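In my numbering, the protein residues as written are 171 to 806.
By construction, the Cβ of each residue, glycine as well, lies at the ideal position given by its N, Cα and C atoms.
Here the structure is a predicted model, which means the values were calculated and not measured.
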């Protein structure tokens, strides 16, 4: 389905911040084991203990000040006897030893708790991120087809790589820093008020300024990051399209146009706008934080000096309280950038959590243990007054009450003009979409009551453009059936008329086919795809214009392979070349979403209706093509 570059084909992210945080916590909780939850709590405890070390360090600085004040007073007291002065020096030495021990204990505590804090968070964070990534890919692989009609693959790839990496970094260290700094701020401020609430009150005014600037930055980060990531992800989608169609781009000398499309694309420019807005708030917040921190230091020292001058407070108390407030303010200022980064990660990961927590229309009423498929012993198909519209275009009715029956083992041909609804019938059989009205039955069982995975186990599809993965021929065939043996692979290759050319390769089955099978010809790719279907041993075979993209020589070879593959199976063939369905048991002519004619090849010709018109139009086109080829040869 075509998409407009001016439309953001991405999931809706109009959720409140609280919903994003709630979904973040819910998914993280579900994606961690009991052991990891325990380790996470240990990491939190370690971060709290690390945060407690800083107030204790502030207290130790106060002790240092007190020790030096005492020895200075003793030295400057000329009335002391030499023995008293000697005692003062010994006391100073004892007190300094105690202070050194305190510093050493703080250092050890910082090292031990810091080690556990970061190692535990990293262990839990890496494991959780891996599990979230795995679950995300799993959910995408089991999504309805209609989901991928509204989301570009490039966008999903960007979300999977860039957004999830932000989540991992935030989980690994940012949470630890936040807990540590907040603990330091709360305990340090509490001790400052306990020491002298009047002096601490002056400092708290500036601490509120730090908190306010940090809050503004975090809020702006939460609001702009998600929007910026959306636009950059869509710009990444354009790059993905360009690189995946690289040969087409260079064949058209389109490199310059693609670069301009990247540079001028409104999504990228909008992303830059949100990035500039976020940078402005971040710079303003950091500048304000530094201003308030230094202002806090200044007011504490100014008021403290006045108190010392008036002899209403001891110098050591002033120093201790100064360090309490200094480190508390610093911790608060440092906490908000990490908090902003965490909100950034939550916002970036929101599309992932939406996928993980969303429900699918196709399978919401089906379960893995449904046993309705066990009632399907043959492959009798029945369409009963089926109507359908694509979810992205609900007003455009693609199928309009079609009805037909297919008996087990029958070969059915579907013909009609482009856009008449032929391929839609195949997609509905594969449960890519839910029908709008009517019923589709297989051996009398409603298709809606059967789990889509179980249906697809019994269906093999050969499409116009076969998709091969950048792996070996053997691996590509095993995608059809992971448990297939090597001898069964060779047997499938023989039936698909692919055995000879595969064996002619130096590496045989181990030959790597390249990106999307680029190292093979069109006919070779198609025959590998047929072999992949055959190892599944499907009851129903769907051939969706399987030879329309091939030259006449390759088409003949593939047609032979398709005839072998359809033996003993219910086969539905959508054909561009009407001659290829001549031997079908029944041909259905589809026009404008309705079946207008039904019968064998001979019966439809005798009716002299739509089918005969299609044949005449195809003969005329073939004659015109041959005439053009003859003219070109004469010119040469």
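Short of 6 Å from the beta carbon of residue 617, and not among the five residues preceding or following it, lie these beta carbons of its own chain, in chain order: 610. In this structure the segment 581–590 lies against the segment 752–769, because at least three pairs of beta carbons, one per stretch, are closer than 8 Å. Sequence-distant partners of residue 217 (beyond 5 residues in either direction) whose C-beta falls short of 6 Å from its own C-beta, in its chain, are 287, 346, 349 and 350.
Within 10 angstroms of the beta-carbon of residue 368 lie fewer than 16 other beta-carbons, which makes it exposed. Look at the segment 184–264 and you find these whole runs of alpha helix (DSSP H), each 4 residues long or longer: 187–200 and 204–246. Under the three-state reduction of DSSP output, residue 581 falls in the strand class. The beta carbons of residue 506 and residue 457 sit no closer together than 8 Å.
The alpha-carbon separation between residue 744 and residue 779 amounts to approximately 19 Å. Excluding its 5 nearest sequence neighbours in each direction, residue 220 has C-beta neighbours in its own chain below 6 Å: 283, 284, 287 and 350, listed in chain order. Short of 6 Å from the beta carbon of residue 712, and not among the five residues preceding or following it, lie these beta carbons of its own chain, in chain order: 596, 631 and 742. In this structure, residue 638 sits away from residue 676, with a CB-CB distance that is not shorter than 8 Å. Around the C-beta of residue 201, 16 or more other C-beta atoms lie within 10 Å, and the residue is accordingly described as buried. Listed in chain order, the beta strand (DSSP E) runs fully inside the segment 598–627 are 607–612, counting runs of at least 3 residues. Judged by DSSP secondary structure, residue 764 falls outside any alpha helix (DSSP H) and instead within the beta strand (DSSP E) spanning 764–769.
Around the beta carbon of residue 738, a 10 Å sphere encloses fewer than 16 other beta carbons of the protein chains shown; the residue is thus reported as exposed.
When Cβ pairs closer than 8 Å are counted between the two stretches, the segment 648–667 is seen not to touch the segment 326–346, the count staying below three.
Counting along the chain, the unbroken beta strand (DSSP E) around residue 713 starts and ends at 710–714. Shown here, residue 776 sits in a helix according to DSSP, grouped into three states. Residue 235 sits away from residue 358, with the two beta carbons spaced by 8 Å or more. Residue 569 counts as buried, since no fewer than 16 other beta carbons sit within 10 angstroms of its beta carbon.
Scanning the segment 308–380 from its first residue to its last, the whole alpha helix (DSSP H) runs of 4-plus residues come out as 315–319, 323–328, 334–339 and 345–365. Excluding five sequence positions before and after residue 493, the CB atoms of its chain that fall closer than 6 Å to its own CB belong to 228 and 231, given in chain order. Just measuring C-alpha positions, the residue of 659, 554, 207 and 319 sitting nearest residue 563 is 319. Secondary structure of residue 655 (DSSP, three-state): coil.
The beta carbon of residue 767 sits closer than 7 Å to the beta carbons of 759, 774, 777, 779, 780 and 781 from its chain, once the five residues preceding and following it are set aside; these are given in chain order. Between residue 373 and residue 362, the CB-CB gap stays under 8 Å. In the three-state reduction of the DSSP assignment, residue 638 falls in the coil class.
In this structure, DSSP gives residue 558 an extended state, which the three-state scheme calls strand. Assignment of residue 575 by DSSP, reduced to helix, strand and coil, places it in the strand class. For residue 631, the beta-bridge partners assigned by DSSP are 712. When DSSP states are grouped into helix, strand and coil, residue 756 belongs to the strand group.
Boundaries for residue 751: no beta strand (DSSP E) harbours it, and the DSSP string shows neither H nor E there. In this chain, the beta strand (DSSP E) harbouring residue 743 covers 740–744. For the 8 Å CB-CB criterion, residue 728 and residue 693 form a contact.
Note that the segment 302–316 touches the segment 597–609; at least 3 beta-carbon pairs, one per stretch, sit closer than 8 Å. In the three-state reduction of the DSSP assignment, residue 553 falls in the strand class.
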